[in-house]
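Listed in order, the protein sequences are those of chains A and B. With the first letter of the first sequence counted as 1, position 169 gets the number 168 in numbering that gives the first Met the number 0; the numbers rise by one all the way through. With the first letter of the second sequence counted as 1, position 172 gets the number 171 in numbering that gives the first Met the number 0; the numbers rise by one all the way through. Virtual Cβ for every residue (Gly too), placed ideally from N, Cα, C. Heads up: the structure comes next, in C-alpha cells.
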Amino acid sequence: MSKENIIQITDLTKVYGDGVKIKALDNVNLTIGRGEFMAIVGPSGSGKSTLLNMIGILDTPTSGTITLDRVDITKASEKERSKMRNQKLGFIFQYHHLLPDFNAVENVMMPLLINGIKPSNARAKAHTMLKEVGLGERVNHRPKQLSGGENQRVAIARALANSPDIVIGDELTGNLDSGTSEKIYELLRKLNREHDQTFILVTHDERMAEKTERIIRLVDGKITEDKST
Amino acid sequence: MYELFIAIRHLRSRRRQTILSILGIGLAVMILMVSQASMVGFTEELYKKTVDNMPHVTVEPKSDEDYIYLYRGLADDIREIKGVTGASPVLSGPATFAYKDTSRNVLMRGVLVKEHNTVLHTERDIIEGNFRDLEVTRRSVILGDSLSEKLDVKVGDTVDATFPEAKPTTLKVVGIYDSGTPHDKTLAYVPLSTAQHFFDNSNVVNSILVRVEDPDCAQPIADEIGAMGYQASSWMETNPEILQTLMIEGLSNFIILGMIIVIASFSMVSTLFMVVMEKTKEIGMLMAMGVPSRSILTIFLLESGIMGLIGPVVGVLAGILISLYLGDITMDIGEEAYGGVSTFPFVVRTKDAVMIVTFTFLLNLVAGIFPARRATRLDPVEAISSE
C-alpha cells in the first residue's frame with residue numbers, strides 16, 4: 000500500500016487480571032494507512048475490542064507502543080491523550096451512546112465545543128454534518144425521539160464532527176436490522192471516500208467485513224489473517 | 000464553557016431531584032436566617048437593656064488605698080483615652096433613709112450631674128421631677144420608684160439620712176426614676192458634695208464610672224486604666240452572666256443550625272452521587288470525546304455549586320421575608336431573666352445573609368468534591384460498557 004501510515008502498532012500486549020492473567024492481546028504488530036477502510040474481525044474474546052480501545056486511547060497497553068500520526072500515545076500525558084481523542088479520533092459504538100439530555104444537533108456539537116470552537120460555529124458545523132448523514136430535518140429531536148438507525152447516524156455525525164484522522168466503530172451495526180446496517184455501511188463508505196479519513200470497524204459480521212478494503216482477523220489476541228479484499 | 004452547558008442540562012433533566020435538593024438546602028438556610036435574625040435582635044435588646052445601662056468600665060481605688068484622691072485629674076486622663084466617651088466620679092456608700100415611720104437601707108451615690116449624664120441614662124429614666132435639680136438643690140435626692148413606694152415619699156418630701164459614723168442629714172426628694180432594674184429598690188442619687196459631706200470625706204470618690212464608644216472594646220480600655228495603677232474592671236468582668244447568656248444561646252443555635260445545613264448538604268451530595276452513577280455511561284462517552292478529567296470534575300462541581308448557590312439565596316430571601324413578617328417577638332418571661340428582655344425584634348443584617356450564603360455555598364462545593372472525583376476516576380472503557 001502506498002498510503003502514508005497513520006497508525007503504527009509495535010509488539011502490543013495487553014494482559015488483564017491480577018491473579019489469573021488473561022492475555023487479551025499478544026504481541027500484535029500492525030500498520031494502518033491514512034484513508035484506509037478496514038475491518039477487524041474475530042470471535043468474541045479474541046481481543047478485537049481491546050485492540051480498538053488501545054487505538055482509541057481509551058485503554059493503555061501492558062507493553063508495546065502505538066503511534067498515532069507520529070505521536071507515541073503510550074507515552075502521552077492524560078491531557079494530551081484527551082486532546083488527541085477529541086481532535087484525531089471519532090468513536091461510534093454499538094449502542095449509539097448519545098447524551099440523552101441533549102438533542103441531535105447538541106450531541107454533534109459536543110466534540111466541537113470540547114475542542115474550543117465557538118458555539119455558533121459549532122452549531123452550524125453540526126447542522127452540516129447532520130445533513131450529510133441524512134438527518135437535516137430531525138436536528139432538534141432527542142435520542143429518545145429517534146429510531147435506532149437515526150441515532151446511529153447522529154453518532155456518526157458526532158464522530159466525524161471534528162474531522163478526525165481516524166474513525167473507530169465498535170459493532171456499530173450490531174444493534175440494527177440488516178437493511179439499516181446496509182445503509183449505515185454505505186454511508187460510512189461514502190464519507191470515507193469523500194473525507195479521506197481512516198475507518199476501523201470492529202465486527203463479527205463477515206458479510207459486512209467483506210465490504211471493506213482490508214480485513215484483520217484476530218484469534219486469541221493474535222493476528223491470524225491480514226488480507227486485502 | 001461546555002462544562003456549564005452540560006452541568007445545567009444535567010440539573011434540568013432531573014428537575015424534580017434538583018428542585019428537592021435546592022429546597023432542602025433552602026429550607027435549612029431559611030431556618031438559619033430567621034434564627035440568626037432573632038438572635039441578633041435578642042442580643043441588641045439585651046445590650047440595650049443591660050450593657051447600655053451600666054458603666055462599661057468601673058475604676059476603683061489603688062489596691063492599698065480606700066479612696067481615689069485627685070479624682071478630677073484622673074477623670075480627665077481617662078477621658079483622653081481613645082474610645083472613652085465619658086467618665087463620672089462617684090462616691091457611694093450605705094445609708095439608712097427614714098420617712099415618717101418607715102426606714103430603708105439604701106446605697107447612696109453622690110454624682111456630678113453633667114459627668115453622670117455622659118456615662119449613664121438615668122436622666123432618661125426619670126418619671127417624676129428633674130434629674131438636673133440634683134445640681135441646683137443642695138441636700139437633694141433622687142429615688143428609684145420601688146424605693147419611693149416603700150418609703151411612701153413623693154417629690155417635694157424630705158427624708159432623713161443616717162448611718163453609723165456618718166453625718167445625719169435631711170434630703171429633699173427632687174425626682175423619681177424607673178430603670179426597670181433591681182437598682183430601683185436600693186440606689187439613691189445625691190449630689191457628690193452631699194455624699195462627701197455625709198460620709199465626712201471631702202475631695203475623694205470611691206469609683207469613677209466610664210462609658211466607652213463600643214462596649215465590646217471595654218476590656219482593653221479597662222486594662223489601659225489598670226496600667227495607671229487603679230483597679231479597673233470592664234462590664235464583662237463585673238457582669239459575666241450577660242456574655243455567658245449570649246454565648247450559650249449563640250453556641251447552641253450555631254450547633255443545631257449548622258447540623259441542619261450539613262444534613263441538607265448531605266442530601267445534595269447523595270443526589271450528586273446518584274447523578275454520577277446514572278450518568279456513568281455518559282461520562283465514559285464524554286471521556287471518549289476528549290473531555291479531560293479536569294473538566295469532568297468541573298462539570299460536577301458546577302452542579303453542586305449551582306445547587307449550593309440557588310438553595311441558600313432562595314433560603315436567605317425566604318428567611319428575610321419571614322423575619323420581616325414576624326416583626327417583634329414578645330416572650331412572657333420574668334423581668335429578672337435575661338436582664339429584663341421580654342420583647343425583641345428580628346434584626347436582618349446584610350452581613351449575616353452574605354455570611355450564611357457564602358458558608359453554605361462553600362460547604363456544598365466541598366461536599367460536591369467527593370461525587371465529582373468519583374466521576375473523574377471512572378475508567379472510560381468500563382464506563383461506556385456499563386449497563
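- The continuous beta strand (DSSP E) containing residue 26 (chain A) extends over residues 21–32.
- Taken through DSSP and simplified to helix, strand or coil, residue 69 (chain B) comes out as coil.
- Residues of the segment 269–301 of chain B that bring their beta carbon within less than 7 Å of a beta carbon in chain A comprise 280, 281, 284, 287, 288, 289, 290, 291, 292, in sequence order.
- Residues of the same chain with their beta carbon placed closer than 7 Å to that of residue 8 (chain B) are lacking, with the five preceding and five following residues left out of the count.
- Within the segment 355–382 of chain B, 378, 379, 380 place their CB atoms closer than 9 Å to a CB of chain A, listed in sequence order.
- The Cβ-Cβ distance between residue 129 (chain A) and residue 156 (chain A) falls below 9 Å.
- Under the Cβ criterion of 9 Å, residue 251 (chain B) is not counted among the residues facing chain A.
- Chain B has no Cβ within less than 9 Å of the Cβ of residue 120 (chain A).
- Counting only the Cα atoms, residue 117 (chain B) lies some 11 Å from residue 88 (chain B).
- At least one CB atom of chain A sits nearer than 9 Å to the CB of residue 12 (chain B).
- Taking C-beta atoms under 8 Å as the contact rule, residue 214 (chain B) and residue 55 (chain B) qualify, at a distance of about 5 Å.
- Here residue 377 (chain B) carries a coil assignment [DSSP, helix/strand/coil].
- Note on geometry: alpha-carbon atoms of residue 132 (chain A) and residue 159 (chain A) lie some 10 Å from one another.
- Contact of residue 46 (chain B) with chain A by beta-carbon distance below 8 Å is absent, the smallest such distance being about 54 Å.
- Here residue 304 (chain B) is near residue 363 (chain B), since their CB atoms are less than 9 Å apart.
- Closest in C-alpha terms to residue 81 (chain A), from the list B:60, B:183, B:284, comes B:284.
- Using a Cβ-Cβ distance cut-off of 8 Å, the segment 39–46 of chain A and the segment 86–96 of chain A are not in contact, since fewer than three pairs of beta carbons, one from each stretch, lie closer than that value.
- Between the alpha carbons of residue 185 (chain B) and residue 106 (chain B) lies a gap of roughly 6 Å.
- According to the DSSP assignment, residue 279 (chain B) belongs to the alpha helix (DSSP H) that extends over 279–287.
- Between residue 343 (chain B) and chain A, the shortest Cβ-Cβ separation is not below 9 Å.
- Across the structure, residue 182 (chain B) and residue 172 (chain B) are spaced so that their CA atoms are roughly 17 Å apart.
- The count of Cβ pairs closer than 8 Å, one atom from the segment 268–280 of chain B and one from the segment 51–60 of chain A, stays below three, leaving the stretches out of contact.
- Taking a cut-off of 8 Å on C-beta distances, the segment 85–103 of chain B touches the segment 194–201 of chain B, as three or more cross pairs fall below it.
- In this structure, the beta-carbon distance from residue 72 (chain A) to residue 199 (chain A) does not fall below 9 Å.
- Residue-level contact by beta carbon fails for residue 15 (chain B) and chain A, as no gap is shorter than 9 Å.
- For residue 197 (chain B), the uninterrupted alpha helix (DSSP H) run begins and ends at 191–197, by DSSP.
- A Cβ of chain A is located within less than 9 Å of the beta carbon of residue 5 (chain B).
- Under the Cβ distance rule, residue 8 (chain B) counts among the residues neighbouring chain A, one pair being separated by less than 9 Å.
- In the DSSP assignment, residue 102 (chain B) forms a beta bridge with B:97.
- Between residue 222 (chain A) and residue 29 (chain A) a beta carbon distance of about 7 Å is seen, short of the 8 Å cut, so the two are scored as contacting.
- Assigned with DSSP and collapsed to three states, residue 43 (chain B) falls in helix.
- Residue 77 (chain A) reaches chain B at 291, 292, counting residues in chain order whose Cβ is nearer than 8 Å.
- Interface annotation, residue 324 (chain B): not in contact with chain A, CB-CB separation never under 9 Å.
- DSSP, read as helix, strand or coil, puts residue 80 (chain B) in coil.
- Residue nearest to residue 165 (chain B) within the set B:277, B:201, B:11 is B:201 (criterion: CA-CA distance).
- Cβ contact annotation for residue 122 (chain B) (same chain, cutoff 7 Å, sequence separation greater than five): 116, 130, in chain order.
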